[in-house]
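*Asks:*
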Amino acid sequence: MNENSASFAALDGRDPANLRGDPITGDRYYSKEFAQKEWDGLWSRIWHVAGRTAEIPEPGDFLVHTFMKESVICIRQDDGSIRAFYNSCRHRGMRMVAESSSLEAITCPYHGWKWGKDGVLQFAQDGHDFPQGDPCGKLSLKELRCDTWGGFVWYTMDPKAEPLLDYLDPMPQLYKNYPMDTAVRVAWYRIALNANWKFVTDNFSESYHTRTAHPQVPPWIDQDVDTARHEMWPRGHGRTVQPMRPSLSDRLPEGVPHPFEAILQQWDIDPSSYASYEDMAMQGWLDLKAAKRRLWQERGYVHYKDMDDEQITDSPHTVIFPNVTISFLPDNLIFFRSEPHPEDPEKCFFDLWCMAFPVEGQETCQSIMAGEKPLREVETCEHRDFDGGRGIPELAGQIVYQDMELAEGMQAGMHSKGYEDAYLPAQETRVRFFHEVLNDWLEGRR
Ligand SMILES: [Fe+2]
10 MNENSASFAA LDGRDPANLR GDPITGDRYY SKEFAQKEWD GLWSRIWHVA
60 GRTAEIPEPG DFLVHTFMKE SVICIRQDDG SIRAFYNSCR HRGMRMVAES
110 SSLEAITCPY HGWKWGKDGV LQFAQDGHDF PQGDPCGKLS LKELRCDTWG
160 GFVWYTMDPK AEPLLDYLDP MPQLYKNYPM DTAVRVAWYR IALNANWKFV
210 TDNFSESYHT RTAHPQVPPW IDQDVDTARH EMWPRGHGRT VQPMRPSLSD
260 RLPEGVPHPF EAILQQWDID PSSYASYEDM AMQGWLDLKA AKRRLWQERG
310 YVHYKDMDDE QITDSPHTVI FPNVTISFLP DNLIFFRSEP HPEDPEKCFF
360 DLWCMAFPVE GQETCQSIMA GEKPLREVET CEHRDFDGGR GIPELAGQIV
410 YQDMELAEGM QAGMHSKGYE DAYLPAQETR VRFFHEVLND WLEGRR
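Numbering (the numbering used here) for the sequence shown: 10 to 455.
Following this line, the structure appears as structure tokens:
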């Protein structure tokens, strides 16, 4: 893989000519047979995110990622590397640990076998009683491939999977200017939703729903379809890049304070210096780039150091096939992910990790999905049931909450005899593309 590789060039994510036209049928969202095909053809073969590297700084620190009925341990080694092992004792198969923690050795709670950080068996009760010979020093936990990118720990269950950086192509090059390792997770949720996991990827593959579902967004992220860039890549990844400036076609009523004015003022730009609303939106956005360029260093925005003019003011909302979405905002890195429920294809778990880039001299941050937060790593994940919104009242009104509110209605609609296939505008090309790449995996074309 290199910067000149052909796959770096984006396909037009707004051109249905790039599609075969595979139907997006309702059974994909509720059929147990389809969910089984996804396990066999997709989940057991892709790269998964186990957690953040910052969670396991010291040797013996480990992440536990339980995905459907599988469970994997990613453990920091003495030499600083990270190795991944199945969370299953080689003795009788017992699952050994339930949660991320830190241990010198992992001890099976059933018969007391003790496994070192390197996966090698250190102790077995009555080692002399094995006709095969004492298993200590001989047996190892079954290992998986493990790698890191973007401050995330990744693993794959497929020994033949392509290398992580190839799998992610072209994300590592596109986002090389972001110091992703330094982003601090300030809000961390895992939310049970009554919808198939694909609802989440579908939703993040288009911005067509924004004006209806998120009316607070157009005043500060331009939602006009013709000013956005829609891109997708052969491996199924895609993004919509929108300028973070007011949409010209969505005017707030006279007298309502405009959120973009506060953003301009924050960077010493006087919003009243513009002759018109259009001027404030368009020239103000250019002036904002220039002001950030001029002032980032003295203001402590050290994460702008290598970012380009698009990256310091715009919103590339990026789906990494099949189930990870990252919003690379100028000051926030937001990680969204859906994972299937182990039994019920009509349920999923939705992960929301709000991360912020540290700004020197600031002790709090504005987390775009979770409000103002202290700028420090949260220690534990909040496990919630969305429950019509009642399970997570502190996020009410946030963009991501508005998305979650749509999940059950979409799931219900997938069962209707009135639904046969989606009827898509060009700007939703990536929704069908996602399903086509998924079909490629399930039908052995990947
Ligand atoms: Fe949305």
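Even for Gly, the Cβ is constructed at its ideal location relative to N, Cα and C.
1) Threshold first: 4 residues or longer. Then list the alpha helix (DSSP H) segments lying entirely within the segment 203-233, N to C.
2) I'd like the list of long-range same chain contacts for Val106, defined as Cβ closer than 7 Å, with 5 residues on each side in sequence excluded.
3) Against chain D, with Cβ distances strictly below 8 Å, would Phe344 count as a contact?
4) If His246 sits next to Ile329, beta carbons under 8 Å apart, how far is it from one beta carbon to the other, in whole angstroms?
5) Could you tell me the boundaries of the alpha helix (DSSP H) in which His444 lies?
6) Are the segment 346-359 and the segment 207-216 touching by the rule of at least three beta carbon pairs closer than 8 Å?
7) Alpha carbon to alpha carbon, how far is Phe344 from Cys390? Give it in angstroms, no decimals.
8) Is there contact between the segment 43-53 and the segment 315-323, where contact requires at least three CB pairs shorter than 8 Å?
9) To which residues does DSSP link Ala18 through a beta bridge?
10) Gln251 bridges to which residues according to DSSP?
11) Does the beta-carbon of Thr219, which I'm using as the reference point, lie nearer than 7 Å to any heavy atom of ligand 1?
12) Can you name the start and end residues of the alpha helix (DSSP H) that Met271 belongs to?
13) Look at the alpha carbon of Gln407 and the alpha carbon of Arg385, and state the distance between them as a whole number of angstroms.
14) Would you decide whether Asn11 is buried or exposed? Buried here means 16 or more other CB atoms lie within 10 Å of its CB.
15) Just to confirm, does His223 get its C-beta within under 7 Å of one of the non-hydrogen atoms of ligand 1?
16) Which residue or residues does DSSP assign as beta-bridge partners of Lys382?
17) Which whole-angstrom value describes the C-beta separation of Ser467 and Asp233, a residue pair presumed to lie in contact below a C-beta threshold of 8 Å?
18) For the alpha helix (DSSP H) that Tyr176 lies in, which residues bound it at each end?
19) How many angstroms separate the CA atom of Asp235 from the CA atom of Asp277?
20) Here's the rule: buried if 16 or more other CB atoms are within 10 angstroms of the residue's CB, otherwise exposed. What is Ser281?
21) Asn212: beta carbon under 7 Å from a heavy atom of ligand 1?
22) So, at 7 Å on beta carbons, what are the nonlocal neighbours of Ala15 in its own chain, with the 5 sequence-adjacent residues on each side left out?
23) What are the start and end residues of the alpha helix (DSSP H) that includes Arg238?
24) Taking the straight line between their C-alpha atoms, what separation do you get for Met413 and Ser109?
25) Going by alpha carbons, who is nearest to Gly8 out of Arg238, Met291 and Leu202?
26) Note the first and the last residue of the continuous alpha helix (DSSP H) segment covering Asp360.
27) Is Asp412 near ligand 1, in the sense that its beta carbon is under 7 Å from a heavy atom of that ligand?
28) Which partner residues does Arg29 have in the DSSP bridge list?
29) Report yes or no: do three or more beta-carbon pairs, one from the segment 50-60 and one from the segment 163-176, lie closer than 8 Å?
30) Run through DSSP, which three-state label would Tyr278 get?
31) Roughly how many whole angstroms lie between the Cα atoms of Asn13 and Gln251?
32) Considering only heavy atoms of ligand 1, does any lie closer than 7 Å to the CB of Ile377?
33) Quick check on Arg23: does DSSP put it in helix, strand or coil?
34) Run through DSSP, which three-state label would Tyr198 get?
35) What are the start and end residues of the beta strand (DSSP E) that includes Phe161?
*Replies:* So, from the listed chains and residues:
1) If we require 4 residues or more, the alpha helix (DSSP H) runs fully inside the segment 203-233 come out as 207-213 and 219-222.
2) Walking along the sequence shown from the start, residue 106 turns up at place 97. Sequence-distant Cβ neighbours of Val106 in its own chain, meaning closer than 7 Å and more than five residues away, are Val73, Ile82, Asn96 and Ile115.
3) Among the chains in the structure shown there is no chain D, since it carries only a single protein chain.
4) As a working note, residue 246 is residue 237 in the sequence shown. As a working note, residue 329 is residue 320 in the sequence shown. Indeed they touch by this definition, with Cβ atoms about 5 Å apart.
5) Within the sequence shown, numbered from 1, the residue matching residue 444 stands at position 435. His444 -> alpha helix (DSSP H) spans Thr438 to Leu451.
6) The segment 346-359 is in contact with the segment 207-216.
7) Walking along the sequence shown from the start, residue 390 turns up at place 381. Walking along the sequence shown from the start, residue 344 turns up at place 335. Cys390 and Phe344: Cα-Cα distance of roughly 14 Å.
8) As far as the Cβ criterion goes, the segment 43-53 does not touch the segment 315-323, which means the pair count is below three.
9) Mapped onto the sequence shown, residue 18 falls at position 9. In the DSSP output, where bridge partners are listed per residue, Ala18 has none listed.
10) The residue given as residue 251 occupies position 242 in the sequence shown. Beta-bridge annotation (DSSP): Gln251 is paired with Ser324.
11) The sequence position of residue 219 within the sequence shown is 210, counting from 1. Set against 7 Å, the gap from the CB of Thr219 to the closest heavy atom of ligand 1 is smaller.
12) Stepping through the sequence shown from its first residue, residue 271 is reached at position 262. Sequence inspection shows Ala at residue 271; the Met mentioned does not correspond to that position. Element bounds for Ala271: Pro268 to Gln275.
13) The residue labelled residue 407 in the question sits at position 398 within the sequence shown. The residue labelled residue 385 in the question sits at position 376 within the sequence shown. Going from the Cα of Gln407 to the Cα of Arg385 covers about 21 Å.
14) Numbered from its first residue, the sequence shown carries residue 11 at position 2. With a pLDDT of 41 at Asn11, under the threshold of 50, the modelled position of this residue cannot be trusted, and the question is left open.
15) As a first step, residue 223 must be located in the sequence shown, where it is residue number 214. It does: the Cβ of His223 is within 7 Å (strictly closer) of some heavy atom of ligand 1.
16) The count along the sequence shown starts at 1 and reaches residue 382 at position 373. Answer is Cys374, bridged to Lys382.
17) For residue 467 there is no data in the structure shown, the boundaries of the chain being 10 and 455.
18) By 1-based counting over the sequence shown, the position of residue 176 is 167. Residues Leu173 to Leu177.
19) Taking the sequence shown and counting its residues from 1, the one referred to as residue 235 is at position 226. Taking the sequence shown and counting its residues from 1, the one referred to as residue 277 is at position 268. Answer to the nearest angstrom: the Cα atoms are 30 Å apart.
20) Position 272 of the sequence shown holds residue 281. Label assigned to Ser281: exposed.
21) Counting from one through the sequence shown, the residue named residue 212 turns up at place 203. Distances from the CB of Asn212 to the heavy atoms of ligand 1 include at least one below 7 Å.
22) Stepping through the sequence shown from its first residue, residue 15 is reached at position 6. For Ala15, the pLDDT reaches just 42, beneath the cut-off of 50, and the residue's location in the model is therefore unreliable, although a value from the coordinates is still provided. Within the same chain, no Cβ atom closer than 7 Å to the Cβ of Ala15 is found once the five residues on either side in sequence are excluded.
23) The sequence position of residue 238 within the sequence shown is 229, counting from 1. In the DSSP annotation of this structure, Arg238 is not part of any alpha helix (DSSP H); the continuous beta strand (DSSP E) holding it starts and ends at Arg238 to Met241.
24) Walking along the sequence shown from the start, residue 413 turns up at place 404. Walking along the sequence shown from the start, residue 109 turns up at place 100. About 27 Å.
25) No answer is possible for residue 8: the residues shown for the chain start at 10 and end at 455.
26) Locating residue 360 in the sequence shown gives position 351, where the first residue counts as 1. Per DSSP, Asp360 belongs to no alpha helix (DSSP H); it is in the beta strand (DSSP E), Cys357 to Ala365.
27) Position 403 of the sequence shown holds residue 412. Placement of the Cβ of Asp412 at a distance of less than 7 Å from at least one heavy atom of ligand 1 is found.
28) What you label residue 29 is simply residue 20 of the sequence shown in a count that begins at 1. Per DSSP, none; premise fails for Arg29.
29) Result yes; three or more Cβ-Cβ pairs closer than 8 Å.
30) Position 269 of the sequence shown holds residue 278. Position check: residue 278 holds Ile in this sequence, whereas Tyr was assumed. Here DSSP, grouped into helix, strand and coil, assigns Ile278 to coil.
31) The sequence position of residue 13 within the sequence shown is 4, counting from 1. The sequence position of residue 251 within the sequence shown is 242, counting from 1. Residue placement at Asn13 cannot be trusted, given a pLDDT of 39 that sits under 50; the coordinates are not used to answer.
32) If you number the sequence shown from 1, residue 377 lands on position 368. No - ligand 1 has no heavy atom lying nearer than 7 Å to the Cβ of Ile377.
33) The count along the sequence shown starts at 1 and reaches residue 23 at position 14. DSSP places Arg23 in the coil class of the three-state scheme, outside both helix and strand.
34) Taking the first residue of the sequence shown as position 1, residue 198 is located at position 189. Correct three-state label for Tyr198: strand.
35) Start at 1 with the first residue of the sequence shown, and residue 161 comes out as number 152. Counting along the chain, the unbroken beta strand (DSSP E) around Phe161 starts and ends at Phe161 to Thr165.
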